[in-house]
Every structure is written in C-alpha cells, then in structure tokens.
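Going down the list, the sequences are from chains E and B.
Count along the first sequence from 1, then add 26; that gives the number in this note's numbering.
Count along the second sequence from 1, then add 26; that gives the number in this note's numbering.
For each residue, glycine too, the CB sits at the ideal point set by N, CA and C.
Number of protein chains: 2
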Amino acid sequence: MSLLIVGTVAFDSVETPFGKTERVLGGSGTFAGYAASFFERPRLVGVVGSDFPDTYLSILEERGIDVSGVERKEGKTFFWAGRYETDVNIRTTLITELNVLQEFDPVLPENFRDSSFLFLANIDPALQLKVLDQCRNLEFVIADTMNFWIDASREALDEVISRIGAILVNDEEARMLTGETVLQKAAKKILEMGPKIVIIKKGEHGVMMFTRDSFFAFPGYPIDEVKDPTGAGDSFAGGFIGYLASKGTVNDETLKQAIVAGSTTASFCCEDFSIDKFRNITSGELLARAGNFREATSFQPLDF
Amino acid sequence: MSLLIVGTVAFDSVETPFGKTERVLGGSGTFAGYAASFFERPRLVGVVGSDFPDTYLSILEERGIDVSGVERKEGKTFFWAGRYETDVNIRTTLITELNVLQEFDPVLPENFRDSSFLFLANIDPALQLKVLDQCRNLEFVIADTMNFWIDASREALDEVISRIGAILVNDEEARMLTGETVLQKAAKKILEMGPKIVIIKKGEHGVMMFTRDSFFAFPGYPIDEVKDPTGAGDSFAGGFIGYLASKGTVNDETLKQAIVAGSTTASFCCEDFSIDKFRNITSGELLARAGNFREATSFQPLDF
C-alpha cells in the first residue's frame, strides 16, 4: 500500500568511539525512508538546501524511494553535529543549524495525497497538522515527537495526537506528556488522548507497545558494536510503518510483526555510520535477524 | 528434584513512596526460597539471631520449605534498612547490621548434602565455596554475587564462577567482572571463566541469558505499582532454580521457561512489601501471568 514519510533530510557530522563522519547523509526522513524501503516503496517529503549533493538523493532514489517531494530551497541544508561517549546513551549535541528547515512548509505533490500509510517524523506539530490536512485517503498514521514540542507546542501536538493511529515516544517523553512515572500508566493516559496505539522506545532495552486491550514487549537486539546510534529511532519507525504498509492490514498480529521489523532495522542502523549498514545488507539478512529475534524471545508455555 | 538454597534470612525495614515497614521478613534466602516454593520444596540454609521470631520461620515452613538448615545463633539477626525514591531504581541503604551473619559458616545438614539443584545467593564467595565442597550430588548450580565481592574477594569469586553452571549478575557487575561495556561481550568473557550460562538482570528492563551458542532476551513485566522492589533479584533466582528443579532437566527449552518463571515471581515480589504478595497469590495466578508474558512477547515470523 502507498506509504508517505515526512521528515528531515540533513547533513550529520558524528563522532563516536568508533570513528568520525563529516556531513554525511542523515535526517529522520532519510533513516525512516531507507528502513521502510526494505518492505515498501515510500514517498518522501522534506527539504534540502542548494548545497545538497544530487548523489545523496540518488542513493535514496536507487532504493525505490520517491524523492519528488523533497523540495530544494535556496540556502543551506539542515545540519546536525553530535558526539557519543563510550556509553552511547550519552550524547552531546555540538551543532544544530536549522537552515532551510526553518522555512519548511510541507506541500505534498498531488500524487502523494492519496497515500494510505503515513509516518510523520519529529517536526513542528503545526507542520504535522498541515500534512494531515493534505491527505485524503489515510488508513494508518504514526507520528513521532520530542520533548521540545511537548514543552513549546503542546496544543498543536495534542491535536496531532488526537488525529493519529499510533504515537511513538521514548520513556522520558511519555512521562512528560502525562506526568506519570510508571510507563504503562503513562501509556494508558496517552491512549485516552486519541491514538489506538502507543509505542514506547527504550533504546537498547527494546520497545513496548500498548493498545487499549493488549500489550507487547520486545527486547533490544544485542549487537556487538554500536558504532553510531544516530537514526535508530527513525529507522525503527521506518521499518515499522514500511512493514505495515507492505501488509496493508493493521491488526494485533501485523502490529507485533511490525515492531519486530522496526527493531530489526533499528539494530542494523546502529552498526555503522549514517545509512551505511543499510546499504550493505540484503532483505535476506534482515529476515534472518528477525528470525534470530524470534528464536531469542520465544518459549514454550510453563508447565508445573 | 532436590533443591538447596543458601542465603540470608533477615529483618528488613523499607520505606517507599507507598509505605513503610519495620523489621519485616527479608533476606536473599527468604525471597528465593519462597519464590522457589511455587515449583519445588526447597531446603534452606542460613542463619538467624536469638531475636528472630519463630512465626517468621513458620511462614516458610508452611510453604513446604525445609528450614532445618537455618541455624539459630546467640545474638541479633542480620538487619537491613533502605529507602526507595519515586523512581524505584534509586535506592539508599540506611542501615546494614550484619550481626550473626558475620560469623555465618554454613554447615549443611547431612540430608541436604545430596541436593541436585543449588542456588548460592549473594554471600561471601569463600562461604559459597564451602557450600560447594559439602555437596556431593550437584547437577546444576546458579550463584549470585555483588560488586563488593568482585572488588574484595576476586580470587575466591573466580573459583566459584569456575565451578558453577550459571551465574547471575546485573549489568554493572557484568561490566566490573570483565571490563567490557557491551553486555554481550561481557557475557562472552564470563562464559570463558567456566559457567555454561550467564544471566544478566536488567531490573524493569528484563533479563538476558547467554550460553556459548544461544541467546534469550526477556522483557520486564509492566506492573502497575512497584510497591517495594526489595528481593526482586532473589525472587527471580528462586523462581528460576525452582522451576528447573521441578523439571529436573536443564536444556535450552527448560532454561527459557525458567527465565520466564523467575521473571514472573520477581514481578509479583515487587507488588507488595516483604513476601506479602507471594503469600496472597496462587500457583494458578502465577501460571496466568506467565501466560500473559508469553502472549505479550510472541509473534508470527515476518513475511515480506
């Protein structure tokens, strides 16, 4: 089924104990789009500056990602620089230059407006609403957000939350949104705000999915070397929505599988800088790791 | 199969946002023994002082726990007092009085020496070795330890680790033991020290089990209210070894089930002070929660 992803396309400069990159391809739309492309051909909406190389867009196009919704504006591309410590959970942002992202006003190409599945990556909720307003055939929407918008744009964010099927937050954001410390209590409160599904990302500790009457918990995949966790959350979202879009059906079983698909793409994302690992794996390798995940979490019923 | 548990029997005074207890029944042997008693009738070895009420021992006896190995010494019982914050991961130890535990020298009753399954709770590794020396029929041993012994008694601890089937550590201890930050690398190094199984406890984030050729990850059960997490780790160990002892067979499948059994007993432990929750649940309730765990973690293979 048709899948639309709206997010950032950016330059990232990243330092980790494993190396250093300079202005490589990054951004939430990039990671989510590439991860989704293992399952479905996504349509991508974002903005880049006049300094953005065509070769970067070609990398996405060659994966079957429709980049006709990536607007090119006069000016410089969104740029983020950060450093991770040996404990990759500790991240320091060194530079954030919004550049052309400041004037981002997503206008969907006409042929994108009938998309059935949509991932709204972490951008201003006012823009997320503009995207929702332009779509006329949505079946399932998942949106991401961050602490900044919870503080600064709560009203618009609440409207987004009331209009989507699933929200993706980390544990800190779930607590900020609700004032609840206990995650499943926070999840229940968010469900009352509208969405049918709340997904709480816990990084290396995996992910939890709550609906009104079910719960699914999935542990993190232990990878040998987290070279660069940048984009892991967006890669999760991309794998998740890409899998659902490829199935075309959202039910308890496909949702669980989509969590596994997203966890798998997120685990690969961390194994190299930028989207480098994605570019070096096949669908077969992805399927094999998802199979390992299943082996590593399944058990027979207790019997005593 | 016969199961022996060697650990502490203690008075605990605990403060949490949900309440306060004064000198209630605690200790690693108590929590592990009670948790194990859902599956098998454990034999318990420990020490208490002359101030220890018979009623506390009766509580254990009534569960079918053989307390004939709990020595009563002149003096005061081991006493621990602590406080948990709203984020129950933050714990402050207020008082630790070793009392009679200082002279604990575990001597196993003759009829305990043929035990096949053994849990060595967190005590001085020199004493853990003394227990191992007295057993003549062991099939499977799991031992717990802590940062204090890793620092202070490394040689004895290494000998313990070389003589057991499974070791139970938290993430910090796994890193201390090996100098490895990445948990699965730490686990591999510990496996090289002798045990066939390394179990890493991650508290609310669940548990990971590593063998030389397999990996099992299990998420934490989201309970609504963590009233008091004291004893959760020992309740995990008790449920784990109790389940294995009741099956009498240690293989990939029973090990996975034992992880689930332990996770289930640990989750109940946190729902009330001391062993109060255990005293109010049936085996049926335990089995039902383990079933919920399975529902909340199982999924069909990916298909794309």
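What residue range does the alpha helix (DSSP H) around residue i cover?
i	result
B:D38	No alpha helix (DSSP H) holds B:D38; the beta strand (DSSP E) holding it covers 36-42.
B:I216	209-218
B:G317	309-321
E:I176	173-178
E:V157	151-160
Going by DSSP, what residue range makes up the beta strand (DSSP E) through residue i?
i	result
E:E384	Outside the displayed range of chain E (27 to 330) lies residue 384 of chain E, so it cannot be described from this structure.
B:A147	Run containing B:A147: none; DSSP gives neither H nor E here.
B:K362	Any question about residue 362 of chain B goes unanswered here, given that chain B covers just 27 to 330.
B:R69	68-74
E:D80	Here E:D80 belongs to no beta strand (DSSP E); instead the alpha helix (DSSP H) covers 80-87.
E:V50	50-52
B:D170	166-170
E:L30	29-32
Just list the residues that DSSP pairs residue i with in beta bridges.
i	result
E:T119	E:G108
E:N196	E:K227
E:G45	E:T42
E:M234	E:I226, E:A243
Buried or exposed for residue i, please, with buried defined as at least 16 other CB atoms from any protein chain shown within 10 angstroms of its CB.
i	result
B:Q326	exposed
B:N196	buried
B:F78	buried
E:Q128	exposed
B:L270	buried
E:F64	buried
B:S84	exposed
B:E136	exposed
B:N148	buried
B:S240	exposed
B:S2	Only positions 27 to 330 of chain B appear in this structure, which leaves residue 2 of chain B out of reach.
B:E230	buried
B:I216	buried
B:T323	buried
E:F174	exposed
E:T6	Coverage of chain E is limited to positions 27 through 330, which leaves residue 6 of chain E absent and any answer about it impossible.
B:A243	buried
E:S261	buried
E:F315	In the sequence as displayed, the identity of residue 315 of chain E is Arg instead of Phe. Result: buried.
E:L238	One detail in the question is off: residue 238 of chain E reads as Arg in this sequence, not Leu. With fewer than 16 other Cβ atoms within 10 Å, it is exposed.
B:I285	buried
B:V73	buried
B:S76	exposed
B:E198	exposed
As an exercise, report each continuous beta strand (DSSP E) stretch of at least 3 residues that is fully enclosed by the segment 238-306 of chain B, in chain order. 241-244
Between the segment 291-303 of chain B and the segment 242-262 of chain B, do at least 3 Cβ pairs fall closer than 8 Å? yes
Would you call the segment 109-117 of chain E and the segment 37-55 of chain E in contact, with 3 or more CB pairs under 8 Å? yes
Contact between the segment 134-144 of chain E and the segment 162-170 of chain E is defined here as three or more beta-carbon pairs at a separation below 8 Å; is this criterion met? yes
Can you find at least 3 beta carbon pairs, one from the segment 220-228 of chain B and one from the segment 212-220 of chain E, that sit closer than 8 Å? no
Given 8 Å, three or more beta-carbon pairs between the segment 153-165 of chain E and the segment 53-70 of chain E: In short, these stretches do not touch, since the Cβ pair count stays below three.
Is there contact between the segment 302-322 of chain B and the segment 92-105 of chain B, where contact requires at least three CB pairs shorter than 8 Å? no
Quick one: any contact between the segment 116-126 of chain E and the segment 82-93 of chain E, if contact means 3 or more CB pairs under 8 Å? no
If you pair each beta-carbon of the segment 259-268 of chain B with each one of the segment 45-64 of chain B, do three or more pairs fall below 8 Å? yes
Check whether the segment 175-186 of chain E touches the segment 207-214 of chain E, taking contact to mean three or more Cβ pairs, one atom from each stretch, closer than 8 Å. With a cut-off of 8 Å on Cβ pairs, the segment 175-186 of chain E is not in contact with the segment 207-214 of chain E, counting fewer than three such pairs.
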